[in-house]
Amino acid sequence: MTLLCWIFEVVIVLGLLLIADVLTLQNVLLSIEPKVVPVGQSSTLICTYDLQDDALYTVKWYRGRYEFYRYTPSEYPNSKKIFPYKEINVDEEASNSTQVVLRNIDFVLSGNFTCEVTTDALHLTTRYDIKPMLVIQPPETAPTISVFGEPLDYGDLLRANCSSPPARPRASLTFFLNNYTVATSEPLLPHHYQRSEWSDLGLVIRLYAEHFDDGRLILRCVADIENVYHEEAVLKLGSAREPVPERVSAQNAGITSSLRAMLRLVVFLEIILLMSIL
Numbered sequence: 001m002t003l004l005c006w007i008f009e010v011v012i013v014l015g016l017l018l019i020a021d022v023l024t025l026q027n028v029l030l031s032i033e034p035k036v037v038p039v040g041q042s043s044t045l046i047c048t049y050d051l052q053d054d055a056l057y058t059v060k061w062y063r064g065r066y067e068f069y070r071y072t073p074s075e076y077p078n079s080k081k082i083f084p085y086k087e088i089n090v091d092e093e094a095s096n097s098t099q100v101v102l103r104n105i106d107f108v109l110s111g112n113f114t115c116e117v118t119t120d121a122l123h124l125t126t127r128y129d130i131k132p133m134l135v136i137q138p139p140e141t142a143p144t145i146s147v148f149g150e151p152l153d154y155g156d157l158l159r160a161n162c163s164s165p166p167a168r169p170r171a172s173l174t175f176f177l178n179n180y181t182v183a184t185s186e187p188l189l190p191h192h193y194q195r196s197e198w199s200d201l202g203l204v205i206r207l208y209a210e211h212f213d214d215g216r217l218i219l220r221c222v223a224d225i226e227n228v229y230h231e232e233a234v235l236k237l238g239s240a241r242e243p244v245p246e247r248v249s250a251q252n253a254g255i256t257s258s259l260r261a262m263l264r265l266v267v268f269l270e271i272i273l274l275m276s277i278l
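No gaps in the numbering here: position 109 of the sequence shown is 109 in the UniProt record's numbering, and each next residue is one more.
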């Protein structure tokens, strides 16, 4: 009987704890917009949460392990507190209990950000969410293409190079020939995010009939960084298989018709001359 009572009490306690957990702070979610930021630009960190029936005690914001902003409603009118941290520039006017706006973002801010929410009164609960931010430096100009040896025909080697100016991380390059992918740069490694670098991609491919689109060759190089920066260069290559323009064909056709008419006239005159002699 004692054992049954003990089990009953444990079940009741667990049930109460479960109910208390359901009725307290839920769904703490951090989003960063944008999460990939060009250096010197702004980003907004948004923290959403469901307090249920509890009151908000405080919201703390961290870059890594270091707190840089805190919102405590009970300390009004000084609810907002900003703690100096490296190159973080908090727009205090635009920040509140659910968001922090960062201005003039520096490379050092690449990394994890945390939103930590704590409720007040009876159900003292703390929950948090973590999201990464990446700070980039796009290239100053679009990529460029250089090609060696034109015009090109079946069996020829197409040799080309695509270059994109320094960026951090360096741009990923892709070559397209008549909209078909023919070369892609190697994946980025961690050290590519630590310094500014040029991007270069070489292309050597032997051309066959399937590479030509009605005799045309269009080479395109696309530079991309984390789906935020996207620029391209397009080059129409000299092709030995280029079709003859219609206006030239029509002109030639007209010349051929004129020659035929003249020949017929000459033959006709010769026949008349022979008949007159006879």
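Glycine included, every Cβ here is placed at the ideal spot set by N, Cα and C.
Keep in mind the model is a prediction, meaning the values are calculated, not measured.
Please indicate yes or no: does the CB of residue i lie closer than 8 Å to some heavy atom of the ligand COA?
{"i": "Gln137", "result": "No copy of the ligand COA appears in this structure; indeed no ligand is present at all."}
Just the Cα atoms here: how many angstroms apart are residue i and residue j?
{"i": "Asp213", "j": "Leu203", "result": "19 Å"}
{"i": "Asp54", "j": "Leu134", "result": "34 Å"}
{"i": "Leu30", "j": "Ser74", "result": "23 Å"}
{"i": "Pro132", "j": "Phe176", "result": "32 Å"}
{"i": "Ser196", "j": "Pro138", "result": "9 Å"}
{"i": "Glu186", "j": "Ser172", "result": "8 Å"}
{"i": "Lys80", "j": "Ser146", "result": "55 Å"}
{"i": "Val37", "j": "Phe83", "result": "22 Å"}
Label residue i either buried or exposed according to how many other C-beta atoms from any shown protein chain fall within 10 Å of its C-beta, with 16 as the threshold for buried.
{"i": "Arg168", "result": "buried"}
{"i": "Val100", "result": "buried"}
{"i": "His191", "result": "exposed"}
{"i": "Thr184", "result": "exposed"}
{"i": "Pro143", "result": "buried"}
{"i": "His211", "result": "buried"}
{"i": "Thr141", "result": "exposed"}
{"i": "Lys60", "result": "buried"}
{"i": "Tyr49", "result": "buried"}
{"i": "Ile32", "result": "buried"}
What three-state label does DSSP hand residue i in the structure shown?
{"i": "Val108", "result": "helix"}
{"i": "Ser43", "result": "strand"}
{"i": "Pro190", "result": "helix"}
{"i": "His211", "result": "helix"}
{"i": "Pro38", "result": "strand"}
{"i": "Glu93", "result": "coil"}
{"i": "Glu75", "result": "helix"}
{"i": "Gly238", "result": "coil"}
{"i": "Pro138", "result": "coil"}
{"i": "Tyr154", "result": "coil"}
So residue i and residue j are supposed to be a Cβ contact under 8 Å. How far apart are they, rounded?
{"i": "Thr114", "j": "Tyr57", "result": "No, Thr114 and Tyr57 are not in contact; Cβ-Cβ is about 17 Å, not under 8 Å."}
{"i": "Val222", "j": "Thr174", "result": "5 Å"}
With distances taken Cα to Cα, identify the nearest neighbour of residue i among the options.
{"i": "Asp106", "options": "Pro84, Asp156, Val39", "result": "Val39"}
{"i": "Leu207", "options": "Leu201, Val234, Asn227, Gly149", "result": "Gly149"}
{"i": "Tyr69", "options": "Leu173, Lys236, Arg159, Leu45", "result": "Leu45"}
{"i": "Leu235", "options": "Val228, Asn178, Asp129, Asp153", "result": "Asn178"}
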